[in-house]
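Trainee:
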Ligand code: UDX
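In our numbering, the protein residues as written are 518 to 970.
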């Protein structure tokens, strides 16, 4: 088994995936460099903190920086030559045409290449279109370097990054060089061997009885597994949302429907929650990236185009419910609570709550918004006339409608009577179907869900 005290790892890119991975390897005892060109991010790590909100991460960063196992740096020349493993965790944003922008991927590989020694392993954790790894291998070969390449896609979710990384259902390792694949796998085996200690230090509940499956595949399969998994989850959400629209036109209730549908083990209940649709830094770009990469290979993934279209329709679909309710939104005071793309994160990228607020404001509504973590990250995506507030009370006071766009506990646990009192019995729009409709109605508010009876 690999010896952590004789092994150095560099993680290129300190976003959600990179920083989480770096911290975990550091906690397992590997000397771990967190490499980034963004000085602001590095300063934040140096001070023992993440630049984004993720539960449990800060205590781990703090401890690892203090004990010297996690070293933030901006210099390839410092960390790469002494690293046996170099992980690429850089961003893969989408281009305006939906295809994946691989500029950072190739820049990172080229910069690492100059400094890597022949024995090292280059590990790709970023989500890349199938075929990318072979191109990077060719770059290495052209430079006459025998660096081994392994694809090790990441499946963590924001908001539960540590738990997902340490207790995931599976880990995937793809590559031609089986020794390199085995070595990367061992890094994780050592790390997962310490998972209870790490969770305790992060002040998170230790999870029991989870066995992580280690899966070794070809390079191309590993690349395709990642995007296919995300595409399938997105498909489940858009499917549930399509059926929710039908439920709205009938007397069916989407919660009852999907509860029973998901009880079939062949289908499974996860990711069938209908509502305002998916957002974030992964699903939207992974779906469009998959469509585009398939098209380049002459394959028309019409099913994924439909998934994307249904998702894009959801914020407007919810806004239309209010339009139908009020006739016009002109001068209607509306609060949107929840700007992060989901609970537990400050990430507001492609957030359905932001999209909804913008549509309501565009329709003439006087919109106030609040999020317990994402106000700052959402601010630049909000229309100028939208008022950012600092509390639920401030956002909802005097409103004609309140839309709960993210299922933060703060919103779910807030007293329903107070929602009713401060708004003078508003229309209560449960954009994620997380409230008990009867209880909402019992306060005198009108309840609107997505596909709810
Ligand atoms: C996702 C994948 O789950 C993860 O495995 C991958 O590594 C990265 O992409 P993430 O984007 O962090 O993770 O969030 P996730 O919890 O999957 O939620 C994505 C979006 O779907 C959120 O906006 C969420 O609110 C929405 N969602 C999720 C639904 O609308 N309905 C559901 O049933 C589930």
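We put the beta carbon where it would ideally sit given N, CA and C, even for glycine. The model shown is predicted, which means the values in this text are computed figures rather than measured ones.
Going by DSSP, what residue range makes up the beta strand (DSSP E) through residue 936?
Mentor: The residue you call residue 936 lines up with position 419 of the chain shown. Residue 936 -> not in any beta strand (DSSP E); alpha helix (DSSP H) instead, spanning 933-940.
Trainee: Is it true that the stretch 664-672 meets the stretch 635-653, where meeting means three or more beta-carbon pairs spaced less than 8 Å apart?
Mentor: Yes: the two stretches touch, three or more of their Cβ pairs being nearer than 8 Å.
Trainee: Find the nearest neighbour of residue 624 within the set 903, 957, 601, 656, judged by alpha-carbon distance.
Mentor: Against the chain shown, residue 624 aligns to sequence position 107. Closest option to residue 624, Cα to Cα, is 656.
Trainee: Residue 772 and residue 958: beta carbons closer than 8 Å?
Mentor: Residue mapping note: residue 772 aligns to position 255 of the chain shown, counting from 1. Residue mapping note: residue 958 aligns to position 441 of the chain shown, counting from 1. It is not a contact, given that the beta carbons lie outside the stated cut-off.
Trainee: Out of 882, 813, 822, 859, which one is the CA nearest neighbour of residue 844?
Mentor: As a first step, residue 844 must be located in the chain shown, where it is residue number 327. Here the closest residue by C-alpha is 882.
Trainee: Examine ligand 1 and report whether any of its heavy atoms sits within less than 7 Å of the Cβ of residue 788.
Mentor: Taking the first residue of the chain shown as position 1, residue 788 is located at position 271. Residue 788: yes, Cβ under 7 Å from ligand 1.
Trainee: On the criterion of 16 or more Cβ atoms from any shown chain inside 10 Å, does residue 724 qualify as buried, or is it exposed?
Mentor: Counting from 1 along the chain shown, the entry for residue 724 is found at position 207. Per the 10 Å Cβ criterion, exposed.
Trainee: Helix or strand or just coil, what does DSSP make of residue 962?
Mentor: Residue numbering aside, residue 962 sits at position 445 when the chain shown is read from its first letter. It is coil, neither helix nor strand.
Trainee: Considering only heavy atoms of ligand 1, does any lie closer than 7 Å to the CB of residue 683?
Mentor: Position 166 of the chain shown, counting from 1, holds the residue named residue 683. No, ligand 1 has no heavy atom inside 7 Å of this Cβ.
Trainee: One question on the structure: do residue 878 and residue 920 come within less than 8 Å of each other, judged by their Cβ atoms?
Mentor: Along the chain shown, one-based indexing puts residue 878 at 361. Along the chain shown, one-based indexing puts residue 920 at 403. For residue 878 and residue 920, no; Cβs fall outside 8 Å.
Trainee: Any heavy atom of ligand 1 inside 7 Å of the beta-carbon of residue 747?
Mentor: Taking the first residue of the chain shown as 1, we reach residue 747 at position 230. Yes.
Trainee: From residue 980 to residue 658, what distance separates their C-alpha atoms?
Mentor: Past the edges of the chain, shown from 518 to 970, lies residue 980, and the structure says nothing about it.
Trainee: Just verifying my parser: in three-state terms, what is the DSSP assignment at residue 535?
Mentor: Taking the chain shown and counting its residues from 1, one reaches residue 535 at position 18. Helix at residue 535.
Trainee: Cβ of residue 792 within 7 Å of any heavy atom in ligand 1?
Mentor: As a first step, residue 792 is located in the chain shown; it is residue number 275 there, counting from the start. Yes, the beta carbon of residue 792 sits closer than 7 Å to at least one heavy atom of ligand 1.
Trainee: Spatial neighbours of residue 847 within its chain, please: CB distance less than 7 Å, with the 5 preceding and 5 following residues excluded, ordered by chain position.
Mentor: Counting from 1 along the chain shown, the entry for residue 847 is found at position 330. Same-chain partners within the cutoff: 881.
Trainee: Return the chain-ordered ranges of every beta strand (DSSP E) run that is complete within the stretch 634-709 and spans a minimum of 3 residues.
Mentor: The qualifying runs are 638-641, 665-668, 687-691.
Trainee: Helix, strand or coil: how does DSSP classify residue 947 here?
Mentor: Mapped onto the chain shown, residue 947 falls at position 430. Three-state DSSP puts residue 947 in a strand.
Trainee: When the Cβ atoms of the stretch 725-743 are set against those of the stretch 675-689, are three or more pairs found closer than 8 Å?
Mentor: Touching, yes, given that three or more Cβ pairs across the two stretches are closer than 8 Å.
Trainee: Return helix, strand or coil for residue 616, following the three-state DSSP convention.
Mentor: The sequence position of residue 616 within the chain shown is 99, counting from 1. Residue 616 falls in the coil class under three-state DSSP.
Trainee: At a cut-off of 7 Å, would you count residue 772 as near ligand 1, judging by its Cβ distance to the nearest heavy atom?
Mentor: Residue 772 sits at position 255 when you count from the first residue of the chain shown. Residue 772: no, Cβ never under 7 Å from ligand 1.
Trainee: Mind checking whether residue 908 and residue 887 have CB atoms under 8 Å apart?
Mentor: Residue numbering aside, residue 908 sits at position 391 when the chain shown is read from its first letter. Residue numbering aside, residue 887 sits at position 370 when the chain shown is read from its first letter. Contact flag set, yes.
Trainee: Out of 857, 602, 742, 722, which one is the CA nearest neighbour of residue 542?
Mentor: On the chain shown, residue 542 is found 25 positions in, with the first residue counted as 1. Looking at the Cα atoms, 602 is the closest of the given residues.
Trainee: Assuming residue 564 is part of the beta strand (DSSP E), what are its boundary residues?
Mentor: By 1-based counting over the chain shown, the position of residue 564 is 47. Per DSSP, residue 564 belongs to no beta strand (DSSP E) and is neither H nor E.
Trainee: Residue 816 to residue 805, Cα distance in whole Å?
Mentor: Along the chain shown, one-based indexing puts residue 816 at 299. Along the chain shown, one-based indexing puts residue 805 at 288. When rounded, the distance between both Cα atoms is 14 Å.
Trainee: Among residues of its own chain, excluding the 5 on either side of residue 523, which ones have a beta-carbon nearer than 6 Å to its beta-carbon?
Mentor: As a working note, residue 523 is residue 6 in the chain shown. So no residue of the chain qualifies.
Trainee: Counting Cβ pairs, one atom from each stretch, are 3 or more of them under 8 Å apart for the stretch 850-870 and the stretch 569-584?
Mentor: Yes, they touch.
Trainee: With burial defined as no fewer than 16 other Cβ atoms inside 10 Å of the residue's Cβ, what is the status of residue 767: buried or exposed?
Mentor: Stepping through the chain shown from its first residue, residue 767 is reached at position 250. With fewer than 16 Cβ atoms within 10 Å of its Cβ, residue 767 is classed as exposed.
Trainee: Does the beta-carbon of residue 541, which I'm using as the reference point, lie nearer than 7 Å to any heavy atom of ligand 1?
Mentor: Locating residue 541 in the chain shown gives position 24, counting from the first residue. The answer is no for residue 541.
Trainee: Please tell me whether, using a cut-off of 7 Å, the distance from the CB of residue 966 to the nearest non-hydrogen atom of ligand 1 is below it.
Mentor: Position 449 of the chain shown holds residue 966. No, Cβ of residue 966 sits at least 7 Å from all heavy atoms of ligand 1.
Trainee: Does the beta-carbon of residue 969, which I'm using as the reference point, lie nearer than 7 Å to any heavy atom of ligand 1?
Mentor: Numbered from 1 along the chain shown, position 452 holds the residue referred to as residue 969. Flag unset: Cβ of residue 969 not near ligand 1.
Trainee: Is it the case that the CB of residue 754 approaches a heavy atom of ligand 1 more closely than 7 Å?
Mentor: The residue labelled residue 754 in the question sits at position 237 within the chain shown. Because some heavy atom of ligand 1 lies under 7 Å away, the Cβ of residue 754 counts as near it: yes.
Trainee: Am I right that residue 544 and residue 581 are in contact with their C-beta atoms under 8 Å? What's the rounded C-beta distance?
Mentor: In the chain shown, counting from the first residue as 1, residue 544 sits at position 27. In the chain shown, counting from the first residue as 1, residue 581 sits at position 64. Confirmed, about 6 Å.
Trainee: Is the stretch 771-788 touching the stretch 814-830, taking contact as three or more C-beta pairs under 8 Å?
Mentor: The answer is no - the stretch 814-830 does not touch the stretch 771-788, with fewer than three Cβ pairs under 8 Å.
Trainee: Would DSSP call residue 730 helix, strand or coil?
Mentor: Taking the first residue of the chain shown as position 1, residue 730 is located at position 213. In the structure shown, residue 730 sits in a strand (DSSP, three-state: E or B).
Trainee: Does DSSP classify residue 795 as helix, strand or coil?
Mentor: Taking the first residue of the chain shown as position 1, residue 795 is located at position 278. Note: residue 795 maps to coil in three-state DSSP.
Trainee: Exposed or buried, what is residue 963 when buried is set at 16 or more other beta-carbons lying within 10 Å of its beta-carbon?
Mentor: In the chain shown, counting from the first residue as 1, residue 963 sits at position 446. The residue is exposed, with fewer than 16 neighbouring Cβ atoms inside 10 Å.
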